[in-house]
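All remarks here apply to the structure that follows.
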Amino acid sequence: MQFIVLITILHFAFADNVNSPSVIIIGAGPSGLAAGRKLYENGFAVTILEAENRIGGRVHSVKFGDAYVDLGAEWCHGEEDNIVYQMVRPLGILRHSNYDYHLIFSDRNNVDESFDNELDELYDSTYTADGNRNQSIDTTVGEYCIRIFNSTIREKWGDDKDKFRTAMMCLETFHRYALSDEGSFSWLDVPATNDYRNCEGDLEQNWNGRGYKTILEILLKRFPTADKSFRLDKRIKVNTEVVEVIYEEDFSVALCADGSGYVADHIIFTPSLGVLKHQYKTLFRPPLSPRKAQVIEELGISAVIKVMLHFPWRWWPKGDFTGWTFVWTYEDKEMLPIEFPYGPIRHDQHWLRNIMSIYRLEQNPQALSVWFTGEFVPDLELLDEHILIEGILFMLNKFFGDLYFIPYPDKMIRGDWYSNPHFHGTYSYQTIIAREHFPESPNLVLAEPILNKRGIPRLQFAGEATHPYHYSTVHGAIETGFREADRLIKIYK
Ligand SMILES: Cc1cc2nc3c(=O)[nH]c(=O)nc-3n(C[C@H](O)[C@H](O)[C@H](O)COP(=O)(O)OP(=O)(O)OC[C@H]3O[C@@H](n4cnc5c(N)ncnc54)[C@H](O)[C@@H]3O)c2cc1C
Numbered sequence: 265m266q267f268i269v270l271i272t273i274l275h276f277a278f279a280d281n282v283n284s285p286s287v288i289i290i291g292a293g294p295s296g297l298a299a300g301r302k303l304y305e306n307g308f309a310v311t312i313l314e315a316e317n318r319i320g321g322r323v324h325s326v327k328f329g330d331a332y333v334d335l336g337a338e339w340c341h342g343e344e345d346n347i348v349y350q351m352v353r354p355l356g357i358l359r360h361s362n363y364d365y366h367l368i369f370s371d372r373n374n375v376d377e378s379f380d381n382e383l384d385e386l387y388d389s390t391y392t393a394d395g396n397r398n399q400s401i402d403t404t405v406g407e408y409c410i411r412i413f414n415s416t417i418r419e420k421w422g423d424d425k426d427k428f429r430t431a432m433m434c435l436e437t438f439h440r441y442a443l444s445d446e447g448s449f450s451w452l453d454v455p456a457t458n459d460y461r462n463c464e465g466d467l468e469q470n471w472n473g474r475g476y477k478t479i480l481e482i483l484l485k486r487f488p489t490a491d492k493s494f495r496l497d498k499r500i501k502v503n504t505e506v507v508e509v510i511y512e513e514d515f516s517v518a519l520c521a522d523g524s525g526y527v528a529d530h531i532i533f534t535p536s537l538g539v540l541k542h543q544y545k546t547l548f549r550p551p552l553s554p555r556k557a558q559v560i561e562e563l564g565i566s567a568v569i570k571v572m573l574h575f576p577w578r579w580w581p582k583g584d585f586t587g588w589t590f591v592w593t594y595e596d597k598e599m600l601p602i603e604f605p606y607g608p609i610r611h612d613q614h615w616l617r618n619i620m621s622i623y624r625l626e627q628n629p630q631a632l633s634v635w636f637t638g639e640f641v642p643d644l645e646l647l648d649e650h651i652l653i654e655g656i657l658f659m660l661n662k663f664f665g666d667l668y669f670i671p672y673p674d675k676m677i678r679g680d681w682y683s684n685p686h687f688h689g690t691y692s693y694q695t696i697i698a699r700e701h702f703p704e705s706p707n708l709v710l711a712e713p714i715l716n717k718r719g720i721p722r723l724q725f726a727g728e729a730t731h732p733y734h735y736s737t738v739h740g741a742i743e744t745g746f747r748e749a750d751r752l753i754k755i756y757k
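Next comes the structure, spelled out in structure tokens:
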């Protein structure tokens, strides 16, 4: 009886040709769409199952004010060896983000331009996203940066008490910055040496108000002109959360929360490392190997949050203004819980100290983006909207209230990547323990497909966290989608 009930709800992956091998792709983020595109082009019967009510995953551009803003991925990082850049370059959309964040101080005692530039250089010489630092395996990026920072400021300003003190105050700000690349809650959680590699070329290219969603439109052949014969979009089922993945000797099955089930020759699993961490014990039948389980446990994923504010008018400077980076003085840090006692405060840490920067948005003259990094991000996704806005306004007034009249925002949106069960985080990072246990590459262990007795993959893994050195990025995610599609194409050729 149970068998009959199961059969009635099973779908077989769509096929134009009954002889086409069938593939279920779980997740319609960049990696899932990339895998889908390549397999579809090569005649595979593709079905993409997506839990959210939209495609794109951690690429989520929304119309806000005059242009699209990105709650998830925002910049194309680099040019060489970057699949996003290669696909987009002929279209001439990308623009250099000329971000020059001025350091501003809570006591309004701002530094002159030349010292500001020197502090900027200090940051650049202390930290880069590229993890090629040749440090011992147990050194954290925090320990490494603090060491470089301290020796540099001693050497540069050891004889100038004021500059030395000012530079010391910037360390916390630099930490916040580094976290936006590392994606962790503390730089003491991530190794100094890791496999992440920057792509050569411009590291901060924006989409000129079109949003990162442009890459999804390109993958689906809807942009720059719509190819009506290419109907991968018809193979995507949104609002379809997979709750169980079964891999057998000869076929694979995805069972969904709505009671439906899909059978295919292969499954490619693309949800985030955060989803795997929360669900790997219950999601897969038979259970994943201890090696796979271990790498899922040991790789890292935390979160950042962007809060977009739209104002009734533009109150910040015009011209070449791009944004601010905030530095709290020691005295103001102490006063903060007294001056703004709302929202989460823990171990003397106040959530407003988690603001990394505020910057203007392309083609959006009345909107600002507020980036928070660090341990309060999960709280801030859920914090009462009014307290969140009041806190940001308190901070702006504190840092330069006498310069501008700052109105209450008329719109606000924010990300919820950490609390959303379809993501459980923003982007992955390597940890000391994962690198120690899987020295060849923890990300490639995560990527290993599960093969049947004849060596045919029944369950494959794609997604940013499975890239050996472009993890945490969209270009990395897309490359892994193509990689898994190629794995199947090669078998059938
Ligand atoms: C705030 C933020 C800023 C970022 N900034 C940048 C940037 O500037 N540049 C850059 O290159 N990268 C950036 N990234 C990282 C980039 O967005 C990701 O690396 C990339 O989108 C990951 O793609 P993916 O396909 O691996 O995973 P995802 O995009 O997470 O796609 C996986 C899909 O699986 C779906 N799913 C989950 N569980 C299930 C289930 N059970 N059943 C069915 N479907 C499921 C999800 O809903 C999702 O759509 C940023 C990310 C965030 C969140």
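So in this note's numbering, spot 167 of the sequence shown is number 431, and the numbers just go up one at a time.
Just so you know, even glycine gets a beta-carbon here, dropped at the ideal spot from N, CA and C.
Own chain partners of residue i with C-beta closer than 8 Å, once the 5 adjacent residues on each side are dropped
i           : result
residue 676 : 571, 572, 573, 574, 649, 652 and 653
residue 357 : 471, 472, 474 and 478
residue 432 : 417
residue 678 : 335, 569, 570, 571, 572, 644, 645 and 652
residue 480 : 294, 297, 319, 320 and 323
residue 408 : 397, 399 and 456
residue 365 : 586, 587, 588, 589, 621 and 623
residue 401 : 455, 457, 696, 699 and 700
residue 584 : 362 and 364
residue 268 : Because the pLDDT at residue 268 is just 36, under 50, the model does not fix this residue reliably, and the value given afterwards should be weighed accordingly. Around residue 268: no qualifying Cβ.
Nonlocal neighbours in the same chain, by C-beta distance under 6 Å from residue i, ignoring five residues either side
i           : result
residue 603 : none
residue 513 : 716
residue 747 : none
residue 494 : 485
residue 266 : Here residue 266 scores only 38 on pLDDT, less than 50, and its place in the model should not be relied on; the value that follows carries that caveat. Correct list: empty, nothing qualifies.
residue 720 : none
residue 280 : A caution first: residue 280 carries a pLDDT of 49, below 50, which makes its placement in the model unreliable, though a value can still be read off. Here the set comprises nothing.
residue 751 : none
Check: residue i C-beta below 6 Å from any heavy atom of ligand 3
i           : result
residue 635 : By its list of ligands, the structure shown excludes ligand 3, since it contains just ligand 1.
Sub-7 Å separation of residue i and residue j beta-carbons
i           : j           : result
residue 739 : residue 306 : no
residue 452 : residue 406 : yes
residue 465 : residue 691 : no
residue 586 : residue 623 : yes
residue 286 : residue 529 : yes
residue 342 : residue 520 : no
residue 503 : residue 317 : yes
residue 330 : residue 393 : no
residue 284 : residue 309 : yes
residue 549 : residue 500 : no
residue 674 : residue 576 : yes
residue 449 : residue 566 : yes
residue 539 : residue 313 : no
residue 476 : residue 631 : no
residue 553 : residue 531 : no
residue 729 : residue 303 : no
residue 533 : residue 290 : yes
residue 387 : residue 428 : no
residue 390 : residue 413 : yes
residue 367 : residue 383 : yes
residue 443 : residue 638 : yes
residue 755 : residue 518 : no
Assumed close pair residue i, residue j - CB separation to whole angstroms, cut-off 8 Å
i           : j           : result
residue 687 : residue 322 : 6 Å
residue 555 : residue 326 : With a Cβ gap of about 40 Å, residue 555 and residue 326 do not count as contacting.
residue 563 : residue 698 : 5 Å
residue 592 : residue 617 : 6 Å
residue 714 : residue 636 : Not quite, the Cβ-Cβ distance comes to about 38 Å (not below 8 Å), so this is no contact.
residue 615 : residue 643 : 6 Å
residue 536 : residue 727 : 6 Å
residue 333 : residue 628 : 7 Å
residue 693 : residue 736 : 7 Å
residue 579 : residue 671 : 6 Å
Chain-order list of residues whose beta-carbon lies under 7 Å from that of residue i (same chain, five-residue window excluded)
i           : result
residue 483 : 297, 298 and 301
residue 705 : 459 and 732
residue 559 : 698, 702, 706, 709 and 710
residue 640 : 608, 615 and 618
residue 271 : Note that residue 271 scores a pLDDT of 42, beneath 50, so its modelled location is shaky; the value from the coordinates is reported in the next line. Contacts found: none.
residue 723 : 509, 511, 516, 531, 533, 713 and 714
Cross-strand partners of residue i (DSSP beta bridge)
i           : result
residue 325 : 334
residue 347 : Note: residue 347 sits in no beta bridge, so no partner.
residue 509 : 518 and 548
residue 627 : Paired residue(s): none; residue 627 is not in a bridge.
residue 676 : 573
residue 470 : 359
residue 286 : 309
residue 589 : 367 and 621
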